[in-house]
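What follows is one structure encoded as structure tokens, with my remarks underneath.
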Amino acid sequence: MPYNPGTYRLAVGDVVEISVFGFPETVAVTPVAPDGHLYYLFLDGIPASGKSPAEVARDIEQRIGAMFNHPTVSILPQAFSENRILILGKVVLPGAYALDSALTLRQSIARAGGLAQGIYRGTTVELASLKDSHVIRDGQKLPIDLYALIYRNDATQDIYMRPGDVVVIASGLGQEVFLMGAVGEQRASAYKDGMTLVELISGSSESGGGYRASARLRSVLIVRGALDQPEAFTVNLARILKGRDPDVMLMPGDIVYVPEKPFAFTRELTRAVVLSFVRTFVAEAGATLVDETIFRPLVPTELKDE
Numbered sequence: 006m007p008y009n010p011g012t013y014r015l016a017v018g019d020v021v022e023i024s025v026f027g028f029p030e031t032v033a034v035t036p037v038a039p040d041g042h043l044y045y046l047f048l049d050g051i052p053a054s055g056k057s058p059a060e061v062a063r064d065i066e067q068r069i070g071a072m073f074n075h076p077t078v079s080i081l082p083q084a085f086s087e088n089r090i091l092i093l094g095k096v097v098l099p100g101a102y103a104l105d106s107a108l109t110l111r112q113s114i115a116r117a118g119g120l121a122q123g124i125y126r127g128t129t130v131e132l133a134s135l136k137d138s139h140v141i142r143d144g145q146k147l148p149i150d151l152y153a154l155i156y157r158n159d160a161t162q163d164i165y166m167r168p169g170d171v172v173v174i175a176s177g178l179g180q181e182v183f184l185m186g187a188v189g190e191q192r193a194s195a196y197k198d199g200m201t202l203v204e205l206i207s208g209s210s211e212s213g214g215g216y217r218a219s220a221r222l223r224s225v226l227i228v229r230g231a232l233d234q235p236e237a238f239t240v241n242l243a244r245i246l247k248g249r250d251p252d253v254m255l256m257p258g259d260i261v262y263v264p265e266k267p268f269a270f271t272r273e274l275t276r277a278v279v280l281s282f283v284r285t286f287v288a289e290a291g292a293t294l295v296d297e298t299i300f301r302p303l304v305p306t307e308l309k310d311e
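Taking this note's numbering, the leading residue of the sequence shown gets 6, the next gets one more, and so forth.
The following block contains the structure:
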């Protein structure tokens, strides 16, 4: 459909050039985001989907009136969603891509350069969290499992893209898991999709991986959830290492504690682990110290040797 400035309405996936007349440094090319907004300069999201470029331009002029003297804003469409897709988030080359031939979801991610990587605590990690990523079509999230597509090669998830589709690759930054107790080094590690208990404890020689000889492997504790109301469960790492039990999948924020001595109650050990975590990691990060009265200090009760 030819572009008609008088009747055209912007849609999610459209790419526009925005500028303030007389200020070349304000020129920006940006897409209409999946939420239907444009993001420009220092402004909050500007409603754009369903509006004409002129209407959006007037909205921007009103918002920046205090910064510019009688500003004149120009919005020029550069690409239309009717034959394009958007790939946003943690890919190497996010942006709008022409849908000029049959293209699958996996191929579209590859066209954007693949998943972005970075250096975290000295280790190369993927910056994406595929379990939190999604595809938006006609304003709705599709039931697509990108983790299964990329890491399990599940071809049933490799859908063909349609004009206007938006692929959002979520960020995995800020997601960590914590290892404490009778281990080579108490540390925070970057969480990666599919990370397991054995992978975390094994670590690498540079990061002090492994556990001490005094570790009680059959009573490894995993603390999960908010620190004020943590959930905890124990796993038998010894059986996992021998192949008798399946490995345990970790989640962002998990605290893994390898004890040296057995404790009478998981609840007591959980409280001790949470308090130790706050002292070790929260204080180290410079955060406000948590009032220790929330987690009353206790001496875990030891079990008699079996």
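Every residue gets a Cβ at the ideal spot worked out from N, C-alpha and C, and that includes glycine. This structure is a prediction, so every number in the text was calculated from the model and none was measured.
For residue i, count neighbouring C-beta atoms within 10 Å of its own C-beta (all shown protein chains included) and say buried if the count is 16 or more, exposed if not.
i	result
Y156	exposed
M254	exposed
M185	buried
L81	exposed
R89	buried
A220	buried
A314	Given that the chain is displayed from residue 6 to residue 311, the structure contains no residue 314 and the question cannot be resolved.
Roughly how many whole angstroms lie between the Cα atoms of residue i and residue j?
i	j	result
G258	A195	10 Å
L15	V188	56 Å
L246	V203	8 Å
T201	D252	6 Å
I114	D105	15 Å
G94	A133	8 Å
V96	E236	34 Å
R249	V140	38 Å
K197	G177	8 Å
In terms of alpha-carbon separation, which member of the options lies closest to residue i?
i	options	result
L108	S176, M166 and F28	M166
V61	R89, Y13 and N88	Y13
R192	V171, I260 and Q162	I260
I174	G199, Y216 and E131	E131
G27	G230, S54, F73 and G215	F73
F47	A33, D250 and S113	A33
Q145	P29, V20, D40 and I23	D40
I92	G230, P29 and R142	R142
T77	E66, A71 and Q83	E66
L242	T161, A84 and P264	P264
I164	Q180, G177, S176 and L147	L147
To which residues of the same chain is residue i closer than 7 Å at the C-beta, ignoring the five residues directly before and after it?
i	result
H42	G50, I51, P52 and A53
Spatial neighbours of residue i within its chain, please: CB distance less than 8 Å, with the 5 preceding and 5 following residues excluded, ordered by chain position.
i	result
T239	S224, V225, L226, I227 and T271
Apart from the five residues just before and just after residue i, which ones in its own chain have a Cβ nearer than 6 Å to its Cβ?
i	result
L151	L135 and S138
* **Entirely enclosed alpha helix (DSSP H) segments - the stretch 180-224, minimum 4 residues** => 202-207
* Asked: Which runs of the alpha helix (DSSP H), 4 residues or longer, sit entirely within the stretch 26-75?
  -> 58-68
* Asked: Fully enclosed by the stretch 129-175, which alpha helix (DSSP H) runs are 4 residues long or longer?
  -> 151-156
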